[in-house]
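Engineer: Each protein sequence line maps, in turn, to chains S and C. The first sequence begins at 1 in the numbering used here and counts up one residue at a time. The second sequence begins at 1001 in the numbering used here and counts up one residue at a time.
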Amino acid sequence: MFVALAPMYIIAAAIVVLMLLAAFVRNHKLLAIVSALGFIAAFGTVFSHCSCLSKFAWELFVVDDYSWALTAVTLLSALAINIFSYFYFENFDEQKEEYYVLLHTAVLGTLVMIAAKHFVTFFIGLELLSIPTYVMVAYVRSKKESVEASIKYLATAAASSAALLFGLALIYAAAGTMDIYTVGRFFYIAQSVPAYTYVGIALFIVAVGFKLALAPFHMWSPAVYQGSAAPVTAFVASVAKLGVIAFVLRLFNESNLLNIGALNISLVVLAVLSMFIGNLFAVGQKNIKRMLAYSSVAHMGYLMVALLAGGMVAKSATGFYITSYFVATLALFGAISVISKNDEPKSIDSLKGLYYRNPIVAVVITIGLLALIGMPLTGGFMAKVFVVKAGAGIQQWFLVWMLIINSIISIYYYTKYINVLFSHTSEEVVKEKVPYLLATILIIIVVLVIWMGVAPQLWLNLFYN
Amino acid sequence: MALVGILAVLILGALISLPVRRIHKQLPWYVGIVAVLTAIIMSFSLGNASSGTEKWFARFTSSWIPAIGSNFSLAIDGLSYIMILLTLVMGLVAIGFSERRENSSSFIFNSLFMLAGVVGIFMATDLFLFFFFWEMMLLPLYFLIISANKEGSDKAAFKFLIYTQGSGLIMLISLLALYFIHGNQTAIYSFAFEDLLNTQMSITTSMLVMSGFLLAFLVKLPVWPLHGWLPSAFKTAPAIAIFSGLLIKTGAYGIMRFAVPLFPEGSLIISPLMMILGVVTILYASFIAFSQNDIRVISAYSGISHMGFILIGIYAFNDLSWQGVGVQMIASSVGTASLILLGEIIHRRAGTYDIAHLGGIWTSNPNIAGIGTFFAMAALGLPGMANFIAEFLILAGAFQISVLSTVLASIGIVAAAAYSLRIIQKVFIGEEKICISIIDVTLREKAAVAVMMVLLLWIGFYPSMVTSRLEPFITRTLNFSPPETPGTEQGNVDEAQVKYSFQVIKK
């Protein structure tokens, strides 16, 4: 009983421990280590694979292999971000210790959303995730753009939360319950649903679209990606989206919402818009973090194609796509945070000739970008193949074609950055050193990317239960 | 098992070459040479085990991604065997010839990975694995081009990537379409080549799916008008040029192995168009080669015009012409590589690739001039060299299908003579226009040149070594088309004529 929700308990305990530690002992290293230990301990409980839930939790949570797999992904990503954050914030004079409390709280929110089977649980998890994220984005208070990004994020997220609540209320008014399985049965059985239910669903999708940065709800994402510190961007790009994706996938699978034609069409429209807007806006970007923001909009569009497929196919394709996307994103933002020691890379020129200064980081960035392009040998390729197969399986040839066209467009702006890494500069070549722990983590992540690209079956089985 | 071994040796060599650079700067180069040599020896041993009657003479299958029905299945028959040997030998020459420069380790790493990808393409019988290797050979070449550090490398790399990656993605769509159509009909979702062979499709569907495949192969080939990526790639570095020369054979291989057997009716329908494209490619490339001054660009266009011959040969669906295609693939690779080597040898001494600025090398460097004349003669198809056999067989076969194409293609042979002789005239004969260092041919250059010459002469005088290997593959693949004339011989021309004249004498 305890075991099923163990990760959440451990993280919650870690939050308390970290808060107390931060109050009494001002030691950045100690807090970073305790924080990492918290994540590792929570990850350890994943191996129990238990589905046993206590009576009071049964209404709100569901714990199955799928949620365990995604929990593992979350915790490992958070651990990596933890390590990147430690090395990044070492150079800053501000208060660094509270950051880890925020990180843990946000991760707890994600874990709650992954296991959620009730809309209220989802909302609690969402708020648990969002509020610390506002603060994390603004963490480096001395940088004007961080605070500005945080305010933008806060304002739009608050509006979307309000919309979400209203939508959930409307769904409750129609279905009489907030449990997603019962809601699903309601939609399956009901002859006709009141019109305001569709409004409720639409508002729910709006909130989801905002959180995932789907077009046209993506406006916050370039500012936030560019303004926040690199490890925080890594968090926003990966873990912050995972919870919502997991819940939406469960929702679509268990309730028959996808049978609603209007919902299907609107999701298709969202997907195609995200793909095009993401790719077309990314083309002209000179700042790598901004480019990655738009590219993640496009990737969420690709992910929607897998989500629409429904059923087992959707679960495995989405799970695999998320994992490979996370690994690539973490590699990229980890590498960026390594080279942001003194100053964030402002434009593409600061990356010029990076291969000759810092070969490890340059290779990591290259492999990360290749994974996002979807080059074979990387996990990104297999992920795209599975998504295309999922889309083709439901005869959505239009979506598949859009995906392929957008992949071709995306080659251009990704390779621009890869080219720059290898271009020769006329200046002196000063080799930079990377701390061993960081280099090891980056190399492990890169090995994961390639492993997923060469032997994907192993990973697919994780999500195939 | 040896099949995987060849791939493993190449990849292992690539991985080892990275850290050994710390020990000694030139060690990666040696690692590269050893790896490719080992792979060549392993391939030879495979060939000796052939029985001649079965379809494949070495197989390896292992489960890879059951979720989509794709297996890691490799197999080789005569065609694959020849192409693998060609690839490895040319790879050896390319690596051996290149300078052991500063960034040796990433050069060797990328080269070995690329060779592994190309060899994998020739071995794969699972279409998803084929696509995987197809894309896998693009990446290392892309990195080779961008780290070449010449002015045009960025643009060349970008062009290369867009052309090949874009067409590769379209091939993926066709592949998936074939996979789903087959799955819908037989409820077996599999990527294996043998499974997908007999998919029933309407003519329109078949043509659509085939065009996806063909687009990728034709970009690789390259035919006009999709050839834009090749000349700029040739200008970056000699080894890259030789590798690009290898890459284009995968396009021809893809058509022969996959596009034609999977879509027989579609191929027959599209055959006239392909013949036209082939002729246009030959003439266009030959005329451009004649007007160029940069010897690397000349060899690029010479290679493209040879590929035009290959295209005509394939779509003539004739035993003779397919034999010619097999020989032409070897002849073209060696011929193009030899011109590149020539250009590089001259460049190392004169500092320029521009033949308009060169002249009179015969007096100062007679050895180089002799080598250069030999290669120029090979390029124009002098009898006794591989190119002659290849072009003769192709045109002899194509003549039975389309006289007009054959006539027009023969004009290409004349043009080939023109640009080859122009090279000799501009570079070797005449007045000395530029000071050239009189360093004689070094040992490494001699070795590389010797390999080329031996190959050209050997196949030129004794092509049945190649044609007999190809025979089973050709008869099997072409048996859907009606025989042209009763009693058309399969196999090499000399043998057939001997048989015929023998029978006449007997009577």
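Beta carbons: idealized from backbone N, C-alpha and C, even for Gly.
Given this structure, state the Cα-to-Cα distance separating residue 1329 of chain C from residue 321 of chain S, to the nearest angstrom.
Structural biologist: One-based indexing of the second sequence puts residue 1329 of chain C at position 329. One-based indexing of the first sequence puts residue 321 of chain S at position 321. Distance between the alpha carbons of residue 1329 of chain C and residue 321 of chain S is about 40 Å.
Engineer: Run through DSSP, which three-state label would residue 290 of chain S get?
Structural biologist: What you label residue 290 of chain S is simply residue 290 of the first sequence in a count that begins at 1. Residue 290 of chain S: helix per DSSP, three-state reduction.
Engineer: Specify, as a first and last residue, the run of the alpha helix (DSSP H) that residue 164 of chain S falls within.
Structural biologist: Taking the first sequence and counting its residues from 1, one reaches residue 164 of chain S at position 164. Start and end: 144 to 175.
Engineer: Should residue 355 of chain S be flagged as near chain C, meaning a C-beta pair shorter than 9 Å?
Structural biologist: Within the first sequence, the letter at position 355 stands for residue 355 of chain S. Taking Cβ atoms only, chain C reaches closer than 9 Å to residue 355 of chain S, which makes this a yes.
Engineer: Going by the beta-carbon positions, is the gap between residue 1060 of chain C and residue 1046 of chain C smaller than 9 Å?
Structural biologist: Working through the second sequence from its first residue, we reach residue 1060 of chain C at position 60. Working through the second sequence from its first residue, we reach residue 1046 of chain C at position 46. No, the pair does not count as a contact, with Cβ atoms beyond the cut-off.
Engineer: Cutting at 8 Å between CB atoms, please list the residues of its own chain near residue 1196 of chain C, excluding the five before and the five after it.
Structural biologist: As a working note, residue 1196 of chain C is residue 196 in the second sequence. Excluding residues within five positions, the ones whose Cβ falls inside 8 Å are 1127, 1178, 1179, 1182, 1190 and 1262.
Engineer: Reducing DSSP to helix, strand and coil, say where residue 1357 of chain C ends up.
Structural biologist: Within the second sequence, the letter at position 357 stands for residue 1357 of chain C. Helix at residue 1357 of chain C.
Engineer: Kindly identify the DSSP beta-bridge partner or partners of residue 1062 of chain C.
Structural biologist: For the purposes of this step, residue 1062 of chain C is identified with residue 62 of the second sequence, where counting begins at 1. Note: residue 1062 of chain C sits in a beta bridge opposite C:1072.
Engineer: Under the three-state reduction of DSSP, which class applies to residue 118 of chain S: helix, strand or coil?
Structural biologist: Counted from its first residue, the first sequence places residue 118 of chain S at position 118. DSSP places residue 118 of chain S in strand when its eight states are reduced to three.
Engineer: If you measure from the beta carbon of residue 407 of chain S to each beta carbon in chain C, is any gap under 9 Å?
Structural biologist: As a working note, residue 407 of chain S is residue 407 in the first sequence. By this cut-off, residue 407 of chain S is an interface position.
Engineer: Under a Cβ-count criterion, where at least 16 other Cβ atoms within 10 Å of its own Cβ denotes burial, should residue 407 of chain S be classed as buried or exposed?
Structural biologist: Here residue 407 of chain S is taken as the residue at index 407 of the first sequence, counted from 1. Burial call: buried.
Engineer: Cα separation between residue 1227 of chain C and residue 1129 of chain C?
Structural biologist: Working through the second sequence from its first residue, we reach residue 1227 of chain C at position 227. Working through the second sequence from its first residue, we reach residue 1129 of chain C at position 129. When rounded, the distance between both Cα atoms is 26 Å.
Engineer: For chain S, check one thing: does any of its Cβ atoms lie closer than 9 Å to the Cβ of residue 1154 of chain C?
Structural biologist: The sequence position of residue 1154 of chain C within the second sequence is 154, counting from 1. Yes, residue 1154 of chain C counts as interfacial toward chain S.
Engineer: Pick from C:1431, C:1356, C:1400 and C:1367: whose alpha carbon is nearest that of residue 1446 of chain C?
Structural biologist: Within the second sequence, the letter at position 446 stands for residue 1446 of chain C. Residue 1446 of chain C has its Cα closest to that of C:1367, out of C:1431, C:1356, C:1400 and C:1367.
Engineer: Ignore the nearest five residues each way along the sequence and tell me which others in residue 1418 of chain C's own chain have a CB closer than 6 Å to its CB.
Structural biologist: The residue labelled residue 1418 of chain C in the question sits at position 418 within the second sequence. 1290.
Engineer: Which of the three DSSP states, helix, strand or coil, is assigned to residue 1192 of chain C?
Structural biologist: Along the second sequence, read from residue 1 onward, the residue named residue 1192 of chain C stands at position 192. DSSP places residue 1192 of chain C in strand when its eight states are reduced to three.
Engineer: I'd like the ranges of any alpha helix (DSSP H) spanning at least 4 consecutive residues and lying wholly in the region 326 to 410 of chain S.
Structural biologist: As far as the region 326 to 410 of chain S is concerned, its whole alpha helix (DSSP H) runs of at least 4 residues are 354 to 357, 359 to 373 and 379 to 393.
Engineer: According to a CB-to-CB cut-off of less than 7 Å, which residues of the region 431 to 462 of chain S neighbour chain C?
Structural biologist: Result list: 456, 457 and 460.
Engineer: Expressed to the nearest angstrom, what Euclidean distance is found between the alpha-carbon atoms of residue 1490 of chain C and residue 1403 of chain C?
Structural biologist: As a working note, residue 1490 of chain C is residue 490 in the second sequence. As a working note, residue 1403 of chain C is residue 403 in the second sequence. Here residue 1490 of chain C scores only 40 on pLDDT, less than 50, and its place in the model is too uncertain to base an answer on.
Engineer: Could you check how far apart the C-beta atoms of residue 278 of chain S and residue 301 of chain S are, in whole angstroms? I think they sit under 8 Å.
Structural biologist: In the first sequence, counting from the first residue as 1, residue 278 of chain S sits at position 278. In the first sequence, counting from the first residue as 1, residue 301 of chain S sits at position 301. Yes, residue 278 of chain S and residue 301 of chain S are in contact; Cβ-Cβ is about 6 Å, under 8 Å.
Engineer: Can you grab the Cα-Cα spacing for the pair residue 225 of chain S / residue 236 of chain S, in whole Å?
Structural biologist: Stepping through the first sequence from its first residue, residue 225 of chain S is reached at position 225. Stepping through the first sequence from its first residue, residue 236 of chain S is reached at position 236. One C-alpha to the other measures close to 8 Å.
Engineer: Report back the beta-carbon spacing between residue 1359 of chain C and residue 1430 of chain C to the nearest angstrom; my notes put them in contact at under 8 Å.
Structural biologist: As a working mapping, residue 1359 of chain C is identified with position 359 in the second sequence. As a working mapping, residue 1430 of chain C is identified with position 430 in the second sequence. Rounded, the Cβ-Cβ distance is 5 Å, consistent with contact.
Engineer: Rounded to a whole number of angstroms, what is the C-alpha to C-alpha distance between residue 354 of chain S and residue 442 of chain S?
Structural biologist: Residue numbering aside, residue 354 of chain S sits at position 354 when the first sequence is read from its first letter. Residue numbering aside, residue 442 of chain S sits at position 442 when the first sequence is read from its first letter. Near 16 Å, if we compare the C-alpha coordinates of residue 442 of chain S and residue 354 of chain S.
Engineer: Considering only residues of the same chain and omitting the five flanking positions on each side of residue 1113 of chain C, which have a CB-CB separation below 6 Å?
Structural biologist: Taking the first residue of the second sequence as position 1, residue 1113 of chain C is located at position 113. Within the same chain, residue 1113 of chain C has close Cβ partners 1014 and 1140.
Engineer: By the DSSP assignment, the alpha helix (DSSP H) with residue 1160 of chain C in it spans what residues?
Structural biologist: Counting from 1 along the second sequence, the entry for residue 1160 of chain C is found at position 160. First-last of the alpha helix (DSSP H) with residue 1160 of chain C: 1153 to 1186.
Engineer: Determine, for residue 1130 of chain C, whether the minimum Cβ-Cβ distance to residues of chain S falls below 9 Å.
Structural biologist: The residue you call residue 1130 of chain C lines up with position 130 of the second sequence. Chain S, which has no Cβ nearer than 9 Å to the Cβ of residue 1130 of chain C, makes this no.
Engineer: Identify, in the order they occur along the chain, each residue of the same chain with its Cβ nearer than 6 Å to the Cβ of residue 945 of chain C, setting aside the five sequence neighbours on each side.
Structural biologist: Outside the displayed span of chain C (1001 to 1507) sits residue 945 of chain C, for which this structure offers no information.
Engineer: Under a Cβ-count criterion, where at least 16 other Cβ atoms within 10 Å of its own Cβ denotes burial, should residue 1257 of chain C be classed as buried or exposed?
Structural biologist: Taking the second sequence and counting its residues from 1, the one referred to as residue 1257 of chain C is at position 257. The residue is buried, with at least 16 neighbouring Cβ atoms inside 10 Å.
Engineer: Please tell me whether residue 449 of chain S and residue 327 of chain S are closer than 9 Å, where the distance is taken between their beta carbons.
Structural biologist: As a first step, residue 449 of chain S is located in the first sequence; it is residue number 449 there, counting from the start. As a first step, residue 327 of chain S is located in the first sequence; it is residue number 327 there, counting from the start. Closer than 9 Å, so yes.
Engineer: Kindly indicate which three-state DSSP category residue 65 of chain S falls into: helix, strand or coil?
Structural biologist: Locating residue 65 of chain S in the first sequence gives position 65, counting from the first residue. If DSSP states are grouped into helix, strand and coil, residue 65 of chain S belongs with the helices.
Engineer: From the DSSP output, in three-state form, read off residue 1148 of chain C for me.
Structural biologist: For the purposes of this step, residue 1148 of chain C is taken as the residue at position 148 of the second sequence. The answer is coil: DSSP assigns residue 1148 of chain C none of H, G, I, E or B.
Engineer: Across the region 1005 to 1025 of chain C and the region 111 to 130 of chain S, are there enough close Cβ pairs to call them in contact, namely three or more that are closer than 8 Å?
Structural biologist: No contact exists between the region 1005 to 1025 of chain C and the region 111 to 130 of chain S.
Engineer: Would you give the residue range spanned by the alpha helix (DSSP H) that residue 1257 of chain C belongs to?
Structural biologist: Position 257 of the second sequence holds residue 1257 of chain C. Where residue 1257 of chain C is concerned, there is no enclosing alpha helix (DSSP H), given that its DSSP letter is neither H nor E.
Engineer: Compare the C-beta of residue 1162 of chain C with all C-beta atoms of chain S and state if any pair is closer than 9 Å.
Structural biologist: For this step, residue 1162 of chain C is matched to residue 162 along the second sequence. So yes, residue 1162 of chain C belongs to the interface.
Engineer: Using beta carbons (cut-off 9 Å, strictly below), is residue 276 of chain S in contact with chain C?
Structural biologist: Within the first sequence, numbered from 1, the residue matching residue 276 of chain S stands at position 276. False, the Cβ-Cβ gap to chain C never drops below 9 Å.
Engineer: Among S:229, S:264, S:253 and S:127, which has the Cα closest to the Cα of residue 180 of chain S?
Structural biologist: Stepping through the first sequence from its first residue, residue 180 of chain S is reached at position 180. Closest option to residue 180 of chain S, Cα to Cα, is S:253.
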